[in-house]
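Visitor: In UniProt numbering, the protein residues as written are 1 to 407.
By construction, the Cβ of each residue, glycine as well, lies at the ideal position given by its N, Cα and C atoms.
These figures come from a predicted structure and were not determined experimentally.
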Ligand SMILES: Cc1ncc(COP(=O)(O)O)c(C=O)c1O
């Protein structure tokens, strides 16, 4: 990887604005809220042009190095990242009268968008000399952290809810971490990580509890802008758990606007949750700035089963500032959406990605999104990681075959 200049100036508390030094180990701010990385955007804007970027050969998110905090290329941990494709859904768009594009994050290392955030968190951990990382996960984040940390020679300890998809638990352990199933939800796992910090000495890589995962997620927004010729769609539907992706994209768009690379209209950011776990939707509808713990959280879309989020106010702020909204869909709608897109368009979405399609349809039907508006739906992981219906259709080759059944 080539050496590029970096532009980080400091870290800033997302709640109070208090500044903290960069290049030192940091978790949450003094008031227990996320720290955001700030850059000298003026210098950044002068150091690189869109044309420079277009001429780069690296295909994945490391091509946006100037927008990222890693100082030395040797610390950038890479596992073969790619630019994830934008895929039209022509048949469903024609039928619904809309314009639907899926950004398929399932093509990244470990099969999910978590690669972006964890590649950055692990690279910064390497740069700052950390060697034992811990995190709570609903599955995909743990898999990405295990992979990137093992690649960098770091130890990882991971805690997930006991009903986390089997494939996630197995891939986490196979990729070098030690994983524990916990009889609770992701926030219960997070408590264990937080409480173990002092005695074990591990570093807490929970969503938004360190400053760098969000910087990785930011690349979802920069990449989308570059792919769309530095314009953005009318709406972005994002499956929202801890919200790093949505907050990260909104931060990316603001930075790109500041350096003058984005001049058009910003997209409406639409936070999609499941009706069984919809704290952000409730807070949005109640006009609140924070989203209290959602009791008895349940949904088949395990990645968005997040009962409480430390960055709740940042998600709500991005949704409101953008003129978007928050919407919940039930598990039946998620399952129908997954089947519809897979059968009609040949694209197997993960349940969280399917939730965005269900939410899009619902928004189109209730008029919150217009037919003429373009929509980018984030499919954050490959559908292949999740349980699928068993197919029992069989043929006995020793009996006469009635070929009329195939036509
Ligand atoms: C597939 C999938 N979609 C969405 C999410 C939610 O992501 P975020 O934390 O950015 O809200 C997750 C998180 O685990 C996930 O695994």
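1) Can you tell me which of the three DSSP states residue 135 falls into?
2) With respect to the beta strand (DSSP E) encompassing residue 161, which residues constitute its N-terminal and C-terminal limits?
3) To the nearest angstrom, report how far apart residue 370 and residue 273 are at their CA atoms.
4) What I want to know is whether the C-beta of residue 140 ends up closer than 7 Å to one or more non-hydrogen atoms of ligand 1.
5) In angstroms with no decimal places, state the Cα-to-Cα distance between residue 269 and residue 283.
6) Quick check on the DSSP output: the alpha helix (DSSP H) that includes residue 360 runs from which residue to which?
7) Starting from the C-beta of residue 401, find all residues in its chain whose C-beta is less than 8 Å away, skip the five residues before and the five after it, and write them out in chain order.
8) Verify the contact flag: residue 114, CB atom, against every heavy atom of ligand 1, threshold strictly below 7 Å.
9) Since residue 379 sits in a beta bridge, which residues does DSSP pair it with?
10) Look at the alpha carbon of residue 266 and the alpha carbon of residue 253, and state the distance between them as a whole number of angstroms.
11) Within the same chain, show all residues whose beta-carbon is closer than 7 Å to that of residue 50, passing over the 5 residues directly before and after it, in chain order.
12) Between the stretch 313-329 and the stretch 240-248, do at least 3 Cβ pairs fall closer than 8 Å?
13) In its own chain, which residues sit with a C-beta less than 6 Å from the C-beta of residue 25, not counting the 5 before and 5 after it?
14) Which residue comes first and which comes last in the beta strand (DSSP E) that contains residue 13?
15) Around the C-beta of residue 135, are 16 or more other C-beta atoms found within 10 angstroms, so that it is buried, or is it exposed?
16) From the DSSP output, which residues share a beta bridge with residue 277?
17) Output the distance between the C-alpha atoms of residue 95 and residue 46, rounded to the nearest integer angstrom.
18) With DSSP as the reference, label residue 148 as helix, strand or coil.
19) Are residue 295 and residue 89 close, meaning C-beta to C-beta below 8 Å?
20) Check whether the stretch 377-384 and the stretch 106-122 touch, using three or more Cβ-Cβ pairs below 8 Å as the test.
21) With 16 as the cutoff for other CB atoms within 10 Å, does residue 149 come out buried or exposed?
22) Can you have a look at residue 341 and say buried or exposed, based on whether 16 or more other CB atoms are within 10 angstroms of its CB?
23) Does the stretch 16-36 touch the stretch 54-67, meaning 3 or more C-beta pairs lie closer than 8 Å?
24) Roughly how far, in whole angstroms, is the beta-carbon of residue 38 from the beta-carbon of residue 11, given that I think they are within contact range, below 8 Å?
25) Using three-state DSSP, classify residue 141 as helix, strand or coil.
26) For residue 352, which residues from the same chain have a beta carbon less than 6 Å from its beta carbon, with the 5 sequence-adjacent residues on both sides left out?
27) Is it buried or exposed, residue 363, if we count other Cβ atoms within 10 angstroms and call 16 or more buried?
28) Can you check DSSP and say which residues form a bridge with residue 182?
29) If you reduce the DSSP assignment to three classes, tell me which class residue 313 lands in.
30) Can you tell me which residues form a DSSP beta bridge with residue 238?
Guide: On the basis of the coordinates in this document:
1) strand
2) 155-161
3) 21 Å
4) yes
5) 16 Å
6) 351-365
7) 395
8) yes
9) 104
10) 8 Å
11) 230, 261
12) yes
13) 128
14) 8-13
15) buried
16) 274
17) 46 Å
18) helix
19) no
20) yes
21) buried
22) buried
23) no
24) 7 Å
25) helix
26) 239, 301, 303, 304, 380
27) buried
28) 161
29) helix
30) 271
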